[in-house]
Ligand SMILES: Nc1ncnc2c1ncn2[C@@H]1O[C@H](COP(=O)(O)OP(=O)(O)OP(=O)(O)O)[C@@H](O)[C@H]1O
Ligand SMILES: [Mg+2]
């Protein structure tokens with residue numbers, strides 16, 4: 022094998038897929054570099070698992086092609102691709118114990134006994150399951166099964182690892198721990214990882230780049246900070262960071278641009294858009310102040326305590342949707358339901374995207 026053949030780079034070109042005439046993936050173009058950690062993020066049913074299965078070779082796409090390490094994968098069966106997949110619903114051999122489940126692929130590869138024992142031990146440590154070697158798969162909890170499935174994929178040390186919501190069955194505390202572990206394992210193995218989640222927090226924390234999916238298409242592909250700070254579509258803005266997205270009208274340009282939002286003129290940053298636009302406001306960039314302050318009048322319709330602060334839902338006259346605001350607690354009591362307040366934000370915090378009428 023040449024050096025190039027061992028690389029885990031991955032190209033997806035013009036991939037589309039239909040199940041029973043129903044298109045669920047369209048125009049997917051994707052270049053993933055060797056060693057990169059790319060996350061597919063999107064709501065349920067947007068095609069994330071389907072694309073992962075296309076890459077793994079479980080599905081022949083209706084159109085387009087996939088190459089791995091510079092080789093076209095058309096007609097290459099899944100077990101001959103340099104790829105391992107952790108499935109959304111883990112499938113372990115129910116009556117084999119944990120050790121044998123993890124060791125399975127290594128036994129198929131006829132590795133020496135000592136190496137198998139060593140690598141299985143390494144993988145079980147990684148997923149925090151040492152001591153479970155002799156437990157049968159049917160005797161595990163859902164989260165434990167997920168971790169064994171993860172160990173089974175990691176133990177093979179593939180060049181390309183595809184992970185379909187591998188942490189979804191775990192509780193938040195273990196999930197946060199596992200995130201740190203996954204980052205470390207990714208760094209240490211240097212492999213290419215394609216990771217699927219619908220949890221935006223997880224995507225932001227783990228990825229080199231995130232592909233935001235909407236209805237079978239990629240809306241935006243960029244690094245986490247760009248996705249968060251400069252979303253390119255209203256969907257990406259609303260899905261990542263739970264932003265407020267309101268239709269507005271833009272007037273003026275550059276520093277003097279103003280947005281008309283319902284009945285109010287509101288400040289926005291350096292926007293190049295004129296006419297119909299979307300105004301994107303992150304909940305944490307909104308200030309909620311007493312009625313006497315400057316800003317847009319609003320009425321408190323809901324308030325929830327979330328430990329580090331309060332989450333408000335506010336009615337702004339002329340807007341169909343409530344405005345979400347997250348403010349730090351600072352030992353103050355929140356405004357009560359029905360309070361008349363003002364909402365405000367800095368120019369820089371307002372993101373403007375063009376809107377087609
Ligand atoms: N085997 C199948 N036959 C027919 N339709 C399917 C099949 N598998 C998935 N679909 C449909 O294709 C679309 C995309 O499914 P997919 O499993 O790729 O979504 P997903 O993004 O992984 O969703 P989730 O987050 O719920 O796992 C959905 O509308 C789904 O109902
Ligand atoms: Mg899925």
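Residue numbers (this note's numbering): 22 to 378.
Where a beta carbon is used, it is the ideal one built from N, C-alpha and C, also for glycine.
Secondary structure of residue i, DSSP reduced to three states
i           : result
residue 31  : strand
residue 143 : helix
residue 178 : coil
residue 199 : helix
residue 375 : strand
residue 9   : For the chain, the structure presents residues 22 to 378; residue 9 sits outside this window and is missing.
residue 356 : coil
residue 259 : helix
residue 223 : helix
residue 363 : strand
residue 251 : coil
residue 163 : helix
residue 350 : coil
residue 190 : coil
residue 42  : coil
residue 340 : coil
Residue nearest to residue i in terms of C-alpha spacing, selected from the options
i           : options            : result
residue 255 : 267, 334, 246, 72  : 267
residue 31  : 84, 66, 91         : 91
residue 306 : 274, 263, 273, 327 : 263
residue 184 : 93, 100, 298, 104  : 104
residue 196 : 208, 167, 179      : 167
residue 376 : 298, 366, 351      : 298
residue 232 : 225, 241, 226      : 241
residue 52  : 33, 46, 348, 356   : 33
residue 162 : 115, 141, 147, 304 : 115
residue 175 : 49, 63, 122        : 122
residue 108 : 346, 182, 260      : 182
residue 89  : 157, 235, 285, 179 : 179
residue 238 : 38, 49, 43         : 49
residue 56  : 328, 320, 284, 216 : 216
residue 84  : 113, 102, 40       : 40
residue 29  : 210, 69, 304       : 210
residue 246 : 227, 102, 234      : 227
residue 214 : 73, 120, 366       : 73
residue 317 : 358, 327, 338      : 338
Any non-hydrogen atom of ligand 1 within 7 Å of residue i CB
i           : result
residue 48  : no
residue 163 : no
residue 67  : yes
residue 216 : no
residue 240 : no
residue 329 : no
residue 40  : yes
residue 254 : no
residue 152 : no
residue 71  : yes
residue 63  : yes
Nonlocal neighbours in the same chain, by C-beta distance under 8 Å from residue i, ignoring five residues either side
i           : result
residue 165 : 150, 153
residue 229 : 57, 58, 59, 244
residue 67  : 234, 235, 236, 237
Contacts around residue i, its chain only, beta-carbon distance under 6 Å, and the 5 residues preceding and following it disregarded
i           : result
residue 323 : 334
residue 280 : 269, 271, 287, 289, 300
residue 79  : 99
residue 222 : none
Below-8 Å beta-carbon distance, residue i vs any chain C residue
i           : result
residue 149 : Here there is only one protein chain, and chain C is not present.
Residue i beta carbon near ligand 2 (any heavy atom closer than 7 Å)
i           : result
residue 220 : no
residue 109 : yes
residue 45  : no
residue 332 : no
residue 59  : no
residue 390 : With the chain running from 22 to 378 in the structure shown, residue 390 is simply not present.
residue 423 : Any property of residue 423 remains undetermined from this structure, which presents the chain solely from 22 to 378.
7 Å Cβ shell around residue i - same chain, five flanking residues per side excluded
i           : result
residue 95  : 86
residue 71  : 38, 45, 46, 80
residue 330 : 347, 348, 349, 350
residue 249 : 225, 261, 262
residue 187 : 107, 167, 171
residue 140 : 127, 176
Entirely enclosed alpha helix (DSSP H) segments - the region 53-93, minimum 4 residues: 69-77
Unbroken stretches of the beta strand (DSSP E), 3 residues or longer, contained in the region 264-338: 265-272, 279-282, 285-288, 296-302, 308-311, 317-326, 330-336
Uninterrupted beta strand (DSSP E) stretches inside the region 96-160 (no shorter than 3 residues): 104-107
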